[in-house]
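Quick notes on the structure that follows.
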Amino acid sequence: MTEFVKPVVDYFELWPLLVVFGVACVGVVVEAFVPRPMRYLAQVVLALAGLVAALVGVVFVARETEVYAGGAARGILSIGGTIAVDGPTLFLWGLILVLAIAGVLLFAERHLGGGVSAFAGQAAALPGTEAEREASTSGLDHTEVYPLLMFAVFGMLLFPAANDLLTMFVGLEVLSLPLYLLCGLARRRRLLSQEAALKYFLLGAFSSGFFLYGVALVYGYAGSMNFAAINEAVRNDTGNSALLLVGMGMLSVGLFFKVGAAPFQAWTPDVYQGAPTPVTAFMAAGTKVAAFGAILRLFYVAFGADRWSWQPMMWVIAILTMLVGAILAITQTDVKRLLAYSSVAHTGFILTGVLGVQATSDLAAGEVTALQAVLFYLATYGFATLGAFAIVGLVRDSGGEVTSLDRWAGLGKESPVVAGVFAFFLLAMAGIPLTSGFVGKLAVFSVALAAGAWPVVVVAIIASIIAAFLYIRVIKTMYFDEPIGEGPTVVYPSVLTATTIAFGAAITLMLGILPGPLLDLAGLAGQFLR
Amino acid sequence: MNDLPVLSILIAIPLVGAIVTAFLPHAMARVAGLVFAGVTLVWGAVAALTSYSLDAGMQLTETHAWIEALGVHYALGVDGLGLLMVLLTAALVPIVLLASWHEADDEGNSGSRTFVAWVLALEAMSLVVFTATDVFLFYVVFEATLIPAYFLIGGFGRSGRGRAATKFLIYQLAGGLIMLGSVIGLYVVSANNGNPSFLLSDLAALDIDPITQRWLFVGFFIAFAIKAPMFPVHTWLADTTEKATTGTSVLLVCVLDKIGTFGMLRFCLGLLPDASQWATPVVVVLALISIVYGALVAIGQDDLLRLIGLTSLSHFGFIVLGIFVFSSQGISGSILYMVNHGIGTAALFLAAGYLVRRRGTASMKAMGGGVEKVAPVLAGSLLIAGLAAAGLPGLSPFVSEMLVIIAAFDHAWWAGAIAVTAIVLAAFYALWMYQRTMTGPGGDFAGVEGMRDLDAREAGTLAPLLLALVLFGFFPMPLLDVINPHVTDVMSDVGVTDSPPTVTGSVSSQGGQP
């Protein structure tokens, strides 16, 4: 029997992970013991402090970590090689933590609901009963959402850092389960919210099952869960390649479900529409960033030697996703569903970047790499989406949010600032130059074309044209259509949401005019550690 | 003085003006806007007269690294073509602001402050387009000009303008996205050659293989054909000029559309010469169709502003024809045509705009004529502008039209023959338009009693344009002196020489006595 070697835990490099997990656990304790009136403040402060501490930790780790091969890669493999804290991981951790801070600010917003947050007062009370009415009139508020958010963030941090199939699965589940819960906790339209949560849970569990089956098959092929060992096995090509291909396919199913790629995108519009808007904002941005980080690591590190197997599949999925997202978005009449389908289209664009990987020898000096392009696009997409969903929460009437598109007509006159910022986010998503979305699209299309995937780029351009049409239609509705009735009303938020929206808009503008620093940072991150 | 970033300052003035006027009260915004536009014009004129030398190619260059990771630079520079376009833009914007003095505050429009701010923003973006020497920068501002244009069309003018603005934007965005494919293709080709870059000078030095060149050309050409516009992607033009205010239409047709043909010269001929020559047969046919079809459709219009918009379709057909016949007369004729068309069509739109404002309708049937008796200055202006569009000798468009037709004949006799028919058609639409709106019995019959003639402001906007038309009609040499060196450079870059004349100069060979 082989001796058990105790894995070394690099506490310094894993500090962000540990802080977030610790804060999540403390949050549960706070929920249990802190008196009800003080819970909101305690939880919000705790969550923000934890996230800021983790972010500071990320910056310190990035500066202190080892650099290899003259900057081509940096970082360490920790806990027996199951967690890789390398350049791309640190970039994604920083991005996820910033998005999470924005998420906490949106969760904490109570001004929009008239003193209560967007979350149900008592989730266990059945809709339409006396218990629910009592809960909403007595001003109850679920503050468990903050520890749930922190657990989800922990999962999001673990997921792209996982260098081992089981760790990746753990990360996937830890990130998903709190999100399933959070989706069901809306204060208004509770049946829709609970339906969304159940749908997300069932489909998510099903796809996690696929993922686990894929894990088993790949283990059968490679004899190890570790990505480096799998890479070796793929290179040597000694096992049964059918096991590898089917395993690869199963793993892809699980991962593509998470990012909402066609043909696994059906949950996206329903869940995005039903979930409370702050949760949608956080989920749309954070989950995709984490999941794409995992996709990148899995396909570039574990299966990198077998590119010819998965690249054609990714071409097809990317083409399908872009077309499905763009075309179905045109028919939508609800703003949240429209943004959901547009985020499906963006998944397609990001996949276009993922499949643009080339061998280092094929790249010219100074040419942008696929990893760089995808990391940049994830940053631009994250902020634009978060900001757009945050604004959706501002247009309300007495019954809650107004998400029907035709009732947004006349928003340009009612509140030029809100309409202007929303139009700006839409233009960023359309990829108009001078917004971050344009540089992202350019980078992603360049790497795909350089890798020879010109059919995908042609379809991407067609999908961009279709998507541009639908964003322009929304802008036209806001500015040039006659309002229905008295027109939409905008509730001005407190400083929490306002800061988030302003920050998102500022980043989107800055990355459109001066994307150099972030692109260079993504380049500095180097390659994945093997 | 040598190190002064002349072009960056030229661009910064209207940009700062746009931001400043967006926050001023309406009355002050108009004056401030005029001041900023005037300063831009003065700066541009002074720079042209002092710092520009005719033979030195691309000048006043500035190159700064912008996005290192993508090989993008903030690079500006002017040559003959760019200089004329910059001066045209800088000259037209103050005229447009002055002409739209009262219009932006009308019922239903978005107000002077918004109008002035968007116009100045459009001017700044257009100036960058004409001076960009980096393909990425060109693309960014090519698309960026669409946003002020969209809000100008959609916010000011007649009912139905929202839909026209959306149609405009979708068309242009589609073209722009197709061009994005070609822009990225250029980057990938340069990366495959070892030096990924977006600078024009780097890309022009590349040797691109023929098949790739043709695909890149198609992407660029579709976008520029939508911009110009050319048949069959011209349908956005008539709706836009019909619904928008005439000030907006002037900026759109006389400045923005020039970006299309400017791009054809700069990118299609400059970077992809072999593919341009390969595409010449198709492009010439499309240009000829545009010329004739545009004129015919213009004749059939009842709406005055739609008519003028559609004449541009015909004019741009001439410009594209001149570019793609690949002779120095053709190219210099096209560039001259771009300037003359800008001046002439601006005068036509503004005069028509004053008429429409007074009559309350743009329908020529509803107007019924009779204006020339009560408002002779307005009638005279419209007549001169219309005759300029028709290419009357003595007015500047004649010179450019002549050059293009000569070049067309040189390329193929039937091309020249078809182009010549456009002169007749142009005379038809110009004179018939004048007859329907201006001539005829006045007084109570046509409802023109009491109609005011042009006041000082309105006459002041038309006077410089009409003066320029006459001046350059008799003396086009200043413009041609700027154009010809650039044309020589283009011809040598493309590698084409003019065909020599078939009749040589020696008299004795003709049997005459020396």
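Protein chains in written order, with numbering that gives the first Met the number 0: chain Y, 0 to 529; chain G, 0 to 513. Backbone N, C-alpha and C fix where the C-beta goes; we use that ideal spot for every residue, glycine too.
Within the DSSP secondary-structure output, G:S189 pairs in no beta bridge. Taking a Cβ-Cβ threshold of 8 Å, none of the residues of chain Y is close to G:A346; the smallest such distance is about 30 Å.
For Y:I500, same chain residues with a beta-carbon under 7 Å away, outside a window of 5 residues either side, are G386, A389, I390, V420 in chain order. Between Y:I349 and Y:V456, the gap from beta carbon to beta carbon reaches 8 Å or more. Around Y:F32, the same chain offers no residue with a beta carbon nearer than 7 Å, after the five sequence neighbours per side are excluded. Residue contact with chain Y for G:P463: absent (no Cβ-Cβ distance below 8 Å to any residue of chain Y). Closer than 8 Å to the CB of Y:I349 there is not a single CB belonging to chain G. At a cut-off of 8 Å between beta-carbon atoms, Y:Q331 makes no contact with chain G.
Boundaries of the alpha helix (DSSP H) harbouring G:D238: 234 to 242, taken from the DSSP string.
Of all alpha-carbon atoms in G:Y433, G:P477, G:S326, G:L287, the one lying nearest the alpha-carbon of G:G368 is that of G:Y433. Inclusion of G:F223 and G:G269 in the CB contact set at 8 Å is not warranted, their separation being larger than that value. Proximity of G:W65 to chain Y, defined by a Cβ-Cβ separation below 8 Å, is satisfied. CA-CA distance, G:T487 to G:E61, rounds to 24 Å. With respect to Y:Y271, Y:V356 sits apart: the two C-beta atoms are not nearer than 8 Å. The bridge partners DSSP lists for Y:T488 are Y:R395. Less than 8 Å divides the Cβ of Y:L528 from the Cβ of Y:L76. By the Cβ neighbour-count rule, Y:N235 is exposed, with fewer than 16 other Cβ atoms within 10 Å of its own. Rounded to whole angstroms, the gap between the alpha carbons of Y:G292 and G:A294 is 58 Å.
The count of Cβ pairs closer than 8 Å, one atom from the region 67 to 87 of chain G and one from the region 23 to 31 of chain G, stays below three, leaving the stretches out of contact. Take the alpha-carbon of G:V232 and the one of Y:L201: they are about 49 Å apart.
For G:S109, same chain residues with a beta-carbon under 7 Å away, outside a window of 5 residues either side, are G154, F155 in chain order. Y:D333 carries a strand assignment under DSSP once its states are collapsed to helix, strand and coil. G:N194 reaches chain Y at A363, A364, G365, counting residues in chain order whose Cβ is nearer than 9 Å. At least 8 Å separates the CB of Y:V455 from every CB of chain G. Neighbourhood of Y:A442 in chain G, by CB distance below 9 Å: A68, L69, in chain order.
Look at G:I207: its C-beta is not under 8 Å from any C-beta on chain Y. The alpha carbon of Y:M155 has as its nearest neighbour, out of Y:G183, Y:V258, Y:A265, the alpha carbon of Y:V258. Put simply, the region 106 to 124 of chain Y does not touch the region 78 to 90 of chain Y. Fewer than three CB pairs are less than 8 Å apart.
Distances from the alpha-carbon of G:V127 to those of G:A286, G:G246, G:G43, G:S311 put G:G43 closest. Counting only the Cα atoms, G:P484 lies some 29 Å from G:V71. For G:T165, the nearest CB of chain Y lies under 8 Å from its own CB, placing it at the interface with that chain.
In the three-state scheme derived from DSSP, where H, G and I count as helix and E and B as strand, G:L3 is classed as coil.
Within the region 299 to 324 of chain G, contact with chain Y at the beta-carbon level (separation under 8 Å) is assigned to no residue. Around the beta carbon of G:T49, fewer than 16 other beta carbons lie within 10 angstroms, which makes this residue exposed. The bridge partners DSSP lists for Y:R73 are Y:V66. In this structure, Y:G253 lies away from Y:S192, with their beta-carbon atoms at least 8 Å apart.
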